[in-house]
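I have placed the structure first, in the form of C-alpha cells, so that the comments after it can refer back to it.
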Amino acid sequence: MKYVSFALALMLLPVHLFADITWTEHPIAPNYYNPWSVFGIDMDDDADLDVVASGRFGHRLSWWENDGDENFTQHDISTTSSYAMGVYAIDIDEDSDVDVLCASQSNGVELWVNQGDQTFVRQIIADWPYAHFVSVADVDSDDDTDVLACCCEGGMNRMGWIENQGSLNFTDHIVISDWDHANSVQGVNLDSDQDMDLIGSASQAGEIAWFENDGSQNFTKHIILNTSARPSCVCAADVNLDGAVDVLATVCLSDQVLWFENDGSESFTQHVIGSGFQRPHCVVALDLDDDADVDVLGAAINSNQIAFWENDGSEGFTKHSITSSFNGATWIDVKDVDSDGDLDVLGAAQFGNDITWWESNLTGVEEDASQIIEQNVYVTTILEGPVRLPPGSTYRIFDINGRQVTAANMKVGVYFIEKDGRITQKIVRVK
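Counted the way mature numbering (1 follows the signal peptide of the UniProt record, and there is no 0) counts, the sequence shown spans residues -19 to -1, 1 to 412.
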C-alpha cells in the first residue's frame, strides 16, 4: 500500500476542472458486407462488451467476441438474413442469455434465439416485408419485452409493435399502416401517464410524430414536425432536465440534427442542434462527457462523419467531430467498450464496409485565471491499491470532473484531495 503524504508550503494556483474528450480509433471489422446497424452488449456473459451488427448486402448477422482486451473475433449468427438492416440484442425470452433481433427486408422481423452457448435458432416473429428498424419496450406494461418495428419501401409502410406473450409466442399489432417510408420507432412514456407511448419518423411522409397510448394500447397520432426534408431517425431524452421528455431527430435533406422541447404538456418547440451535417441518419442523446447534462451524437452518411454536440448545461451545443472519414457513416451505439468507466462510440459505415469503435479518453484539468483557489504545493502521487488518509484533519476526494467520491469508490483515474478546505494533493491511481 502507498500512503498519501502532504506538503506544507502554500501558494495560489488557478485551477479549473473540465471534461475534454480525445478519441482513439480501433477497427473491429474493416471489410464487412455493407454494415447497416451496430449494437454493443455482453453476448457471452463474460463481463466485457461484445458487438452485434448487420451486413445489408451480405445478408449477414454477426457478433464479435471481445476477449477482454478489446480484441474481437467474428461469429456469424446468420448468412441468410436477406438485406439485414436494424439490429437489437436483449434477453427477450428471459432465460439468462442474450437473443438478437434483426429487421430483414426479405424475411421480416427475425428473432434469433440464443440456445445458451451462442448458437442461434431463427424465428420470424412478424411477417413484415421490407422491415427496416427494430427496438424494444414493454408496450403493454406486463413486465416483459415487446418488439417495436417499422417497414420502409415496397408499399409496406407500417409501424407497430410485436407483443411478447411468453414462451416465444408473439402477436403483431400495426399502429399505423400507411406511414410512407417509416424508418424509426422508440418507446417512451412521453406524457407521464404511466403507459408506453411511441415516437417515430417517416421520411417520405415527412413526419416526426408521437403516438399516445390510452393505456390499452390504442394509439393516437400527434405530429411534432411536418417537413419535406425527409426525417431519418428519432430518439428521446430530457435534454433540458426539466422533467419532461423531449424528442430528438435527424432530417436528411436539410442536413440537420434537431431537438423538440416538450413543455410538459406535449407541445413542442423546435431547436437546431447542428446543421451542415450531410444526410444525417442516426441520433443518440446521453451524457457523453460525464458532466451531468445531455449531449447529442449523430452519424451522417454523406459527411462520412460521426460527431457529438457538447451541451454547455444551458442547451448551447458545440460540435466536436469524432471522425470525418468513416465512409457512409450509417449507425452508432454508445457503450463503455473497454470497461474503463467512460462511454465509447461504436459505428457502422455502409460504403466503407467498416465496423469500428472509438475509445474515449475523457480527461481534463487546465489552469483558469478566473478561478483562484489557495492550494498546497504538491507532487503528484502515483498510487496502487487503496487510499489511506492520515487522521486529524477533514479530507474530501474529488474526481477529475469535480464530483466528490469516497476512497472506497476510487477507480483507476485522476483525483484531487481537499484538506481543510484546500486542494492539497493530486493522485493518479493506476491499479
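Beta carbons are placed, not taken as given, at the ideal position from N, Cα and C, and that holds for glycine.
Predicted model, so just to flag it, every value in this text is computed and none were measured.
To the nearest angstrom, how far is it from the Cα of residue i to the Cα of residue j?
i	j	result
G135	N221	39 Å
G49	T61	29 Å
residue 438	P11	Outside the displayed span of the chain (-19 to 412) sits residue 438, for which this structure offers no information.
D123	I2	41 Å
I205	W191	7 Å
L(-10)	K407	At L(-10) the pLDDT is 32, less than 50, meaning the model places this residue with poor confidence and gives no usable figure here.
Y14	E296	38 Å
M140	Y69	17 Å
I303	D236	18 Å
G394	D323	11 Å
S18	F241	25 Å
H301	A230	18 Å
D321	T201	43 Å
S148	L234	44 Å
E399	E247	45 Å
D26	R403	44 Å
I254	I157	29 Å
D349	D74	Per-residue confidence for D349 stands at a pLDDT of 41, beneath the threshold of 50, marking its modelled position as unreliable; no derived number is given.
M24	N47	9 Å
T375	A388	13 Å
T250	Q198	27 Å
L82	S306	29 Å
V264	F298	14 Å
Short check: CB of residue i to CB of residue j, under 7 Å?
i	j	result
A329	T311	yes
I336	I9	yes
V94	D72	no
C132	N164	no
Q185	H203	no
N308	N283	no
S43	D57	yes
A112	G89	yes
W338	H40	no
F38	A84	no
N138	D153	no
S35	S63	no
M177	N194	yes
Who are the Cβ neighbours of residue i in its own chain at under 7 Å, not counting the five residues just before and after it?
i	result
A281	F258, Q259, R260, P261, H262, A310
D127	V117, A118, D119, V120, D121, W142, I143, E144, N145
G21	L30, V32, D314, K316, V318, L327
E51	H7, V318, D319
N207	G187, E188
S256	D236, Q237
S341	I2, W4, D323, L324, D325
Provide the residue(s) that pair with residue i in DSSP beta bridges, ordered along the chain.
i	result
M140	C131, I157
T304	I287
G328	I313, T337
W45	V32, Q55
residue 418	This structure does not reach residue 418, given that the chain is present from -19 up to 412, and the question cannot be answered.
T387	Paired residues: none, contrary to the question.
Q167	I180
S85	A65, G89
Tell me which same chain residues have a C-beta within less than 6 Å of the C-beta of residue i, skipping the five on either side of it?
i	result
V232	A210, P212
G67	S18, A84, F114, V115
W4	I303, W339
A266	C216, A218, L229, V275, V277
L269	D276, F289, L324
G245	A225
Here's a check: name, in chain order, each residue in its chain whose Cβ is nearer than 8 Å to the Cβ of residue i, leaving out the five neighbours to either side.
i	result
Q167	S116, A118, L129, L179, I180, G181, V215, C216, A217
V102	W93, V94, Q96
V386	I378, F379, D380, Y396
T54	W45, E46, D48
inquiry  = Under 8 Å: do the stretch 214 to 231 and the stretch 158 to 176 share three or more Cβ pairs, one atom per stretch?
reply    = Result yes; three or more Cβ-Cβ pairs closer than 8 Å.
The stretch 269 to 279 contacting the stretch 288 to 297, beta-carbon criterion three pairs below 8 Å = Three or more beta-carbon pairs drawn from the stretch 269 to 279 and the stretch 288 to 297 are found closer than 8 Å, and the two stretches are therefore classed as touching.
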